[in-house]
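Here's the structure we're looking at; comments come further down.
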Amino acid sequence: MTPVRTADRRALPTLLEAMPGFEHLRRFWDPGQQRMVVKVLPGEFYVSAQDELVSTVLGSCVSACIHDVNRGIGGMNHFMLPEPMGERGDWSSTVGRAARYGSDAMEQLINAILKAGGQRADLRVKVFGGGRVLAQLSDVGQRNIDFVHRYIAAEQLQLVAEDLGDVYPRQVQFFPYSGRARVRQLRRSDDVALVADERGYLKRLANDPIKGEVELF
């Protein structure tokens with residue numbers, strides 16, 4: 006057997022590390038995409054200035070994808086509830102809540118983009134999710150939609166695209182360097198199973214006191 010010469014092997018590109026604070030997220034090289042892919046789960050957010058792909062699956066949850074159009078910096082969050090019950094206006098435990106609530110997830114994502122060099126005036130926002138996939142529960146998805154619209158208006162951010170509501174889960178892919186986004190509705194039974202645990206996640210958020218970490222599904 007003729008040995009494979011080093012010159013014949015396809016060399017992987019030089020990969021930069023994730024920004025400080027995001028090393029814990031799942032991040033891997035995807036040969037099909039020819040770039041790094043990052044999976045964002047409920048309660049997480051990710052910011053990058055590299056040509057990466059950030060991906061998530063949404064049911065009732067909402068993700069905001071925010072991009073600085075002049076500097077190639079962007080990121081995505083993923084939140085399940087708009088804000089903690091009974092804590093409106095009280096931000097004393099924001100750090101402990103991580104990004105589990107939209108009220109924190111939006112602030113933390115924007116602040117991380119600005120810290121990486123973004124400028125608020127150049128931010129563009131795309132929002133996705135909020136499907137009514139848990140018909141037997143209150144319409145958490147619509148609450149998330151109403152919240153994110155209120156937040157964007159109050160903060161005078163520029164909303165350039167949205168795909169919200171309906172009854173289907175979604176897969177969202179976001180390219181933080183270019184600001185491009187792709188959305189696919191998940192209608193097959195095996196796709197819908199990807200968000201089957203959302204009911205349990207919602208109940209844990211409703212009953213679990215803030216303790217610094219989010220239990221993910």
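Residues are numbered in the working numbering as their position in the sequence shown, beginning at 1, plus a constant of 5. Backbone N, C-alpha and C define an ideal beta-carbon position, used for all residues, glycine too. Since the structure is predicted, the reported quantities are computational estimates derived from the model, not experimental observations.
So which of the options has the shortest CA-CA distance to residue i?
| i | options | result |
| --- | --- | --- |
| G184 | V45, Y156, V138 and D127 | D127 |
| D109 | Y173, D171, R187 and G48 | G48 |
| L77 | A186, Y182 and L191 | In the sequence as displayed, the identity of residue 77 is Gly instead of Leu. Among A186, Y182 and L191, the Cα nearest to that of G77 belongs to Y182. |
| K44 | R192, Q176, R189 and L191 | Q176 |
| R31 | L21, L46, R40 and Q39 | L46 |
| H154 | R192, G123 and M111 | M111 |
| N149 | A186, M85, Q190 and F179 | M85 |
| F180 | F152, H72 and E22 | H72 |
| G146 | E57, D171 and N75 | D171 |
| F33 | N82, L21 and Q113 | L21 |
| Q161 | R125, N75 and E57 | R125 |
| F152 | R189, Q38, P89 and L58 | P89 |
| N75 | Q190, G123 and V188 | G123 |
What are the boundary residues of the alpha helix (DSSP H) that residue i is part of?
| i | result |
| --- | --- |
| S154 | The question names Ser, but residue 154 is His in the sequence shown. V145 to A159 is the span of the alpha helix (DSSP H), which, as asked, contains H154. |
| D109 | G107 to K120 |
Are the CB atoms of residue i and residue j nearer to each other than 8 Å?
| i | j | result |
| --- | --- | --- |
| V132 | A54 | no |
| V130 | L164 | yes |
| Y51 | G107 | no |
| G136 | P87 | no |
| G134 | V67 | yes |
| Q178 | A186 | yes |
| A121 | M24 | yes |
Ends of the beta strand (DSSP E) at residue i?
| i | result |
| --- | --- |
| R175 | R175 to F180 |
| R185 | R185 to Q190 |
| C70 | V67 to D73 |
| G133 | Reading off the sequence, residue 133 comes out as Phe, not Gly. That run of the beta strand (DSSP E) goes L128 to G134. |
| Q55 | No beta strand (DSSP E) contains Q55, which DSSP labels as neither H nor E. |
| V43 | R40 to K44 |
| G80 | I78 to N82 |
Counting only C-beta atoms, is residue i closer than 8 Å to chain D at any point?
| i | result |
| --- | --- |
| R187 | You won't find chain D in this structure, because it holds only one protein chain. |
Per DSSP, residue i is paired with what?
| i | result |
| --- | --- |
| A23 | For A23, which the question treats as bridged, DSSP gives no partner whatsoever. |
| Q163 | R129 |
| V62 | Q176 |
| L30 | L30 pairs with nothing; no bridge assigned. |
| T171 | According to the sequence as given, residue 171 is Asp; it is not Thr. In the DSSP output, where bridge partners are listed per residue, D171 has none listed. |
* Is there contact here, the region 57 to 67 with the region 113 to 123, by at least three beta-carbon pairs under 8 Å? -> no
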